[in-house]
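Below: the structure, in structure tokens.
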Ligand SMILES: NC(=O)c1ccc[n+]([C@@H]2O[C@H](COP(=O)([O-])OP(=O)(O)OC[C@H]3O[C@@H](n4cnc5c(N)ncnc54)[C@H](OP(=O)(O)O)[C@@H]3O)[C@@H](O)[C@H]2O)c1
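So, in structure tokens, the structure goes:
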């Protein structure tokens, strides 16, 4: 599985959504991505790449695209 | 008798002494694996915890950090999360007290008290929550204080910090209820530990005002913490439980 596939899978499993919903997806624009969904998403991304995301980055991870930028900081290339 | 926390794992801050130590023993006695936190790494604490581990046949791991230091809190959380041991129970017990009249309370004192009694537990919970969300059910227990519920002169800093932690408890319980993570607080009254700052005369007055006529022991608080950690309290969340022998 590529890193992008892992990243997408984390979103889909944590938020219970399908792949076609990912592009352009932003925090709090669907019921599944509320504050609790956000923590599930963080846990799923951390598990997928075996990283621990800093608190500031957790707050900054406000969209599917922004998340891609942020995890590059943890040496994950998508 | 069955061990009601068998198979669970808890993280307890301020576990070296007083209420935290009593909670650690109550949990270990009931089959719970533990991460016990303290500020200082020394032989006395490691030995005490090793004895507890052997006495009750549970895994106990020590971890050291200062609630006033964000980087230390983060490293500790990283170590706990990195172990992949589930975190079913978190007890935010570490706390610092302060007694000074409002006009005599410096901003530095206020900030220091808030660091230990509110900001530290807030961050630590935020970090450990990701592990707790993976458990089928979990329990967070914050040790607040009756000083955060009542209006006692000299408690503007400590009481406000504990009131903040009590409010955080209720808000978090609302946010996490559907995820089967329960969040409750215990508000101990005057309890016999090194934190006690009353002189004998003041203590006598407090005892006289209490329905039970005694001051609390750490084990009295630990009993409630055991209940809140166990499945016996599965429908209890968002509560601030006074454990103070009913101060009249
Ligand atoms: N005793 C009472 O009458 C009473 C009443 C109401 C509420 N409480 C609350 O009960 C909790 C436990 O207090 P206690 O009475 O058992 O007092 P205690 O015996 O003095 O224990 C306090 C614990 O907090 C830890 N701690 C203090 N500052 C810390 C820091 N900066 N970083 C990390 N840990 C720190 C200490 O850790 P180290 O041992 O590692 O130094 C210690 O083990 C506190 O939250 C307190 O506010 C107590």
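Protein chains in written order, with this note's numbering: chain A, 1 to 78; chain B, 79 to 326. Each residue gets a CB set at the ideal place from its N, CA and C atoms; glycine is no exception. Quantities reported herein were computed from a predicted structural model and do not represent experimental measurements.
Under a criterion of Cβ atoms nearer than 8 Å, no residue of chain B is adjacent to residue 12 of chain A; the nearest Cβ is some 17 Å distant. Annotated as distal: residue 246 of chain B and residue 289 of chain B, with beta-carbon spacing of 8 Å or more. Taking a Cβ-Cβ cut-off of 9 Å, residue 65 of chain A has no neighbours in chain B, whose nearest Cβ is about 22 Å from it. Taking 8 Å as the cut-off between beta carbons, the residues of the segment 30-52 of chain A near chain B are 35, 36, 39, 40, 42, 43, 46, 52, in sequence order.
Looking at the backbone, the Cα of residue 171 of chain B and that of residue 107 of chain B are separated by about 19 Å.
In the structure shown, residue 243 of chain B falls within a helical segment according to DSSP collapsed to helix, strand and coil.
Look at residue 103 of chain B: its C-beta is not under 8 Å from any C-beta on chain A.
No Cβ-Cβ contact shorter than 8 Å links residue 183 of chain B with residue 273 of chain B. Interface flag for residue 254 of chain B against chain A is set, since a Cβ pair is found closer than 8 Å. Counting every other CB atom within 10 Å of its CB across the protein chains shown gives residue 195 of chain B a total of 16 or more, marking it as buried. Burial check for residue 229 of chain B: the Cβ neighbour count within 10 Å stays below 16, so the residue is exposed.
Uninterrupted alpha helix (DSSP H) stretches at least 4 residues long and entirely within the segment 205-255 of chain B occur at 234-254, given in chain order. The three-state reading of DSSP puts residue 304 of chain B in helix, counting H, G and I together. Shown here for residue 306 of chain B: same chain residues with a beta carbon closer than 8 Å to its own, the five before and five after excluded, namely 217, 219, 260, 262, 264, 314, 319 in chain order.
Taking non-hydrogen atoms of ligand 1 into account, the C-beta of residue 117 of chain B is found less than 7 Å away from one of them. Sequence-ordered contacts of the segment 149-173 of chain B with chain A read 152, 155, 156, 159, 160 [C-beta pairs closer than 9 Å].
Distances from the alpha-carbon of residue 125 of chain B to those of B/136, B/140, B/277 put B/140 closest. Cβ contact annotation for residue 191 of chain B (same chain, cutoff 7 Å, sequence separation greater than five): 174, 176, 235, 236, 239, in chain order. Here residue 164 of chain B is not near residue 223 of chain B, since their CB atoms are 8 Å or more apart. With respect to the C-alpha of residue 159 of chain B, the residue from B/85, B/82, B/279, B/89 having the closest C-alpha is B/89. For residue 143 of chain B, the number of other beta carbons within 10 angstroms of its own is at least 16, and it is reported as buried. Contact holds between the segment 290-310 of chain B and the segment 100-115 of chain B, because three or more Cβ pairs, one in each stretch, are under 8 Å apart. Burial state of residue 189 of chain B is exposed, judged by a 10 Å Cβ sphere holding fewer than 16 other Cβ atoms. Secondary structure at residue 196 of chain B: helix, using DSSP grouped into helix, strand and coil. In summary, residue 65 of chain A is exposed, with fewer than 16 beta-carbon neighbours lying within 10 Å of its beta-carbon over all protein chains present. At a cut-off of 8 Å, the C-beta of residue 211 of chain B has a neighbouring C-beta in chain A. For residue 289 of chain B, there is no enclosing beta strand (DSSP E), since its DSSP letter is neither H nor E.
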